[in-house]
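**Q** Chains as they are written, first to last, in the numbering used here: chain A, 94 to 494; chain B, 94 to 494.
I am attaching a structure below and will ask some questions about it afterwards.
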């Protein structure tokens, strides 16, 4: 296996692999198929000769494949530096880490911003996708790379949905799974919040029924409102109080106007405005819709335990006490179903006031628990311990020209 | 006192009183003044000879003065039929009930949709208002009606903020107060949610920098999104699960599109679309801003207890267990401050999964507790018992021509 980041870099600086062609289309849950699919991805570390050290990192709604290195397109730093890297819980000295941009995304993978075979941009004609379709594309990518088995699948939020889906869909190929701050089914409240965001985007006249790229417009204002609405759900009320409370922004007294008087307003406006520079509005529509559609039990006779029955994957489920977007209760439902199915499962509930976004932030207890689980499963898989892997990586490093 | 609904009806069928003129302007918290202010209102029941049976009902963000009778403009039924009416907890056989449309509102009171003296519609040039300004206008209305004392002020949400403000601002004139599902200060999370709504409205090109009335346009799509975002916060997650969960709307299977697949989507879209027919977008901006600005302690040296010190008003504070818009904790903060100030206060926490909107819905325990409190304060005020009042009302009714 000689695949590296460099050798696969495509013209625009993002590395991609073609995983579907007219001869070998990607079949989708909605009955349609895509004749041409590229998946953009990044890797870190080195594939072991036994190909037994593969970690797949699944990103959340607005993430991308740049979990552990700077995004060269946006210039933004790695989105999961606390978790993935040399000496981090997902140790790139030890593991061959792959992160893909999801199908439907906007960082190089085929999605609504891609061109159809006829040269036009897909826009809202892009077929609707599901979390299972995203995972199907990731499995196809690994097949293309000659990788059969995944040592660990890890991800938070919709990344956690993908992790659950991986274990079920690539049955027998996933040794361990860490679904974080996620749910086995999207709640009515979350469908509601994402529907608000979609309506905000589709209400923007610059959305042009989804054809804004072809019409050289951008529904930035609608997308910013969508991001603002969603962002509130990623943060707990106590954290908003701690960080902002009613403090004023750059002023001594109330302004009696509609400018951002309060820091919380200024913060949310910034979240909205900076988001539109790095994300595609149609991707936001399609990925949120895939989240809404996620209901793992529904595909297994309405019983979540049925989805998991017979799996020998080791699970470690994480939730955060103040997460009200994907609540600890929803994680416990996953754990109960795994227990009912007789699966190997641990559950870690982290006490924090940081809300849903805690999985992206510096949470020492969270990182320590992930490290502990990974060390245990690595031992169960007979992988070399972290120190040895690090020494080997150093040795290799020195031997390079 | 012979003021009745009929005699004050103005040309467009709404009854109003002028409470400010160029000689007697209404001074606002932001330092500006309004030279012409009309307040639209409704009354039910009959003012007692001693003028000691006045109840003021304060409406919430999207409410109006039609607490106990059909709104003749929208055709919508009374918004508080469980609470106000003959034989109801606020018994119109017993009390003279007044409900005003708030200053800045859009049901007949002066607000951004009103015309300035120069004939142009105010729009976004309307001065910013506060909850204290709203109450100042209500006090002026009662002064105009020759009423000095309020037996009871009652209201939920921003109506509850007005109730708290009434006790402080009309010091010594309010015998009892029932603030429901409210807070003494708007939280950062709530400022955030209303900021999302304002941004949605102001992002709508039909908002026209607030001058849409003059330009014969309506920012309906933005206002609908604002309403959808806010509405989610009025309902608890368990209630959304109970009422909608993931049930599909008029279909057997997922539609793989952006139509309303789920009942929750259809419900929220309906909430948004029906709202724009009855509410003015600029009023939404101004009233939500007044809510953001509400911080009763800030006006009293940062100590909420200071606001209440020396009041002999009897308080009964209500909260609902599943209300996450104005949480029980925020009600308890009010109760603690009232206790610290040595005030007469009861606190009732209602167990329900109906969330913030519970105060508008049929909640027998809530209604019973309100009735109990009102009976007790009526006795303390030496008002005739409910039965006697009813008999008197019946007697009067029979004697009318």
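All C-beta atoms, glycine included, are put in the ideal place defined by N, C-alpha and C.
Since the model is a prediction, treat every value here as computed from it, not as a measurement.
Using the three-state DSSP reduction, which class does residue 284 (chain B) fall into: helix, strand or coil?
**A** In the structure shown, residue 284 (chain B) sits in a helix (DSSP, three-state: H, G or I).
**Q** Going by the beta-carbon positions, is the gap between residue 496 (chain B) and residue 248 (chain B) smaller than 8 Å?
**A** This structure leaves residue 496 (chain B) out entirely; chain B is present only between 94 and 494.
**Q** Buried or exposed: residue 292 (chain A), going by 16 or more other Cβ atoms within 10 Å of its Cβ?
**A** Under this definition residue 292 (chain A) is a buried residue.
**Q** Once DSSP output is grouped into helix, strand and coil, what is the label at residue 191 (chain B)?
**A** Residue 191 (chain B) falls in the strand class under three-state DSSP.
**Q** Whole angstroms is fine: what's the gap from residue 215 (chain B)'s alpha carbon to residue 207 (chain B)'s?
**A** If you take the alpha carbons of residue 215 (chain B) and residue 207 (chain B), they lie about 6 Å apart.
**Q** Between the C-alpha atoms of residue 301 (chain A) and residue 218 (chain A), what's the straight-line distance to the nearest angstrom?
**A** Cα to Cα, the separation comes out at about 12 Å.
**Q** Can you give the Cα-Cα distance for residue 328 (chain A) and residue 412 (chain B), rounded to whole angstroms?
**A** Each residue's alpha carbon lies about 24 Å from the other.
**Q** In the DSSP assignment, find the beta strand (DSSP E) that holds residue 137 (chain B) and state where it starts and stops.
**A** Residue 137 (chain B) -> beta strand (DSSP E) spans 130-137.
**Q** Name, in chain order, the residues that DSSP records as bridge partners for residue 247 (chain B).
**A** Per DSSP, B:150 and B:271.
**Q** Identify which residue in B:333, B:374 and B:126 has its Cα closest to the Cα of residue 154 (chain B).
**A** Of the candidates B:333, B:374 and B:126, the one whose C-alpha sits nearest the C-alpha of residue 154 (chain B) is B:374.
**Q** Can you give the beta carbon distance from residue 135 (chain B) to residue 192 (chain B), rounded, assuming they're within the 8 Å contact cut?
**A** Between residue 192 (chain B) and residue 135 (chain B) the Cβ distance is about 5 Å, and since that is below 8 Å, they are a contact.
**Q** Count the other CB atoms within 10 Å of the CB of residue 142 (chain B); is the residue buried (16 or more) or exposed (fewer)?
**A** Its Cβ having fewer than 16 others within 10 Å, residue 142 (chain B) is exposed.
**Q** Locate the beta strand (DSSP E) running through residue 410 (chain B), then write down its first and last residues.
**A** Where residue 410 (chain B) is concerned, the enclosing beta strand (DSSP E) stretches over 407-413.
**Q** If you check the beta carbons only, do residue 110 (chain A) and residue 118 (chain A) fall under 8 Å apart?
**A** No.
**Q** Taking the alpha-carbon of residue 225 (chain A) as reference, which of A:187, A:124 and A:450 has the nearest alpha-carbon?
**A** Closest by alpha carbon: A:124.
**Q** Under 9 Å, CB to CB, which of the residues in the region 356-373 of chain B have a partner in chain A?
**A** So the list reads 356, 357, 358, 360, 361, 362 and 365, given in the order they occur along the chain.
**Q** Leaving aside the five residues before and after residue 324 (chain A) along the sequence, list all residues of the same chain whose C-beta is less than 7 Å from its C-beta, in chain order.
**A** Result list for residue 324 (chain A): 361 and 364, in chain order.
**Q** In or out: residue 308 (chain A) buried (at least 16 other Cβ within 10 Å) or exposed?
**A** Per the 10 Å Cβ criterion, exposed.
**Q** Quick check on the DSSP output: the alpha helix (DSSP H) that includes residue 380 (chain A) runs from which residue to which?
**A** Its alpha helix (DSSP H) spans residues 374-386.
**Q** Pairs of beta-carbons, one from the region 168-188 of chain B and one from the region 469-485 of chain B, closer than 8 Å: are there three or more?
**A** Contact holds: three or more Cβ-Cβ distances are below 8 Å.
**Q** Return the CA-CA distance between residue 172 (chain B) and residue 160 (chain B), expressed in angstroms with no decimal places.
**A** Going by the C-alpha atoms only, they are around 5 Å apart.
**Q** Suppose contacts are defined by Cβ-Cβ distances below 8 Å. Is residue 286 (chain A) in contact with residue 221 (chain B) by that definition?
**A** No, the Cβ-Cβ distance between residue 286 (chain A) and residue 221 (chain B) is not below 8 Å.
**Q** Please decide whether residue 388 (chain A) counts as near chain B, where near means a Cβ-Cβ distance under 8 Å.
**A** Answer yes: the Cβ-Cβ gap between residue 388 (chain A) and chain B drops below 8 Å somewhere.
**Q** Roughly how many angstroms lie between the CA atoms of residue 58 (chain A) and residue 237 (chain A), to the nearest whole one?
**A** Missing from the structure shown is residue 58 (chain A); chain A here goes from 94 to 494 and no further.
**Q** Residue 98 (chain A): buried (16+ other C-beta within 10 angstroms of its C-beta) or exposed?
**A** Model confidence at residue 98 (chain A) stands at a pLDDT of 32, short of 50, so the residue's coordinates are unreliable and nothing is read from them.
**Q** By DSSP, does residue 420 (chain A) sit in helix, in strand, or in coil?
**A** Note: residue 420 (chain A) maps to coil in three-state DSSP.
**Q** Within a Cβ cutoff of 6 Å, which residues of the same chain sit near residue 204 (chain B), ignoring the five residues on either side of it in sequence?
**A** For residue 204 (chain B), where only same-chain residues beyond five positions count, the Cβ hits under 6 Å are 197, 198 and 376.
**Q** Below 8 Å on C-beta distance, what does residue 284 (chain B) contact in chain A?
**A** Per Cβ cutoff of 8 Å: 339, 355, 357 and 358.
**Q** Is the shortest distance between the beta-carbon of residue 295 (chain A) and the beta-carbons of chain B less than 8 Å?
**A** Yes - at least one Cβ of chain B is within 8 Å of the one on residue 295 (chain A).
**Q** Alpha carbon to alpha carbon, what distance is there between residue 233 (chain B) and residue 103 (chain B)?
**A** Caution applies to residue 103 (chain B), whose pLDDT of 41 falls short of 50 and renders its modelled position unreliable; the model cannot decide the point.
**Q** Should residue 558 (chain A) go down as buried or exposed, given a rule of 16 or more other Cβ atoms within 10 Å for buried?
**A** The structure shown does not extend to residue 558 (chain A), since chain A is modelled only from 94 through 494, so no value can be given for it.
**Q** Kindly give me the distance between the Cβ atoms of residue 316 (chain B) and residue 294 (chain B), rounded to whole angstroms, as I take these residues to be in contact under 8 Å.
**A** Contact holds; Cβ gap of about 6 Å.
**Q** Quick one: grab the DSSP three-state call for residue 305 (chain B).
**A** Coil at residue 305 (chain B), not helix or strand.
**Q** State the DSSP-derived secondary structure class of residue 294 (chain B), mapped to helix, strand or coil.
**A** Note: residue 294 (chain B) maps to helix in three-state DSSP.
**Q** Taking the alpha carbon of residue 403 (chain A) as the reference point, which residue from A:437, A:334, A:353 and A:245 has its own alpha carbon closest?
**A** If we check each option's Cα against that of residue 403 (chain A), A:437 comes out closest.
**Q** Three or more C-beta pairs under 8 Å: does that hold for the region 407-426 of chain A against the region 442-461 of chain A?
**A** Judged by Cβ distances under 8 Å, the region 407-426 of chain A makes contact with the region 442-461 of chain A, as three or more pairs qualify.
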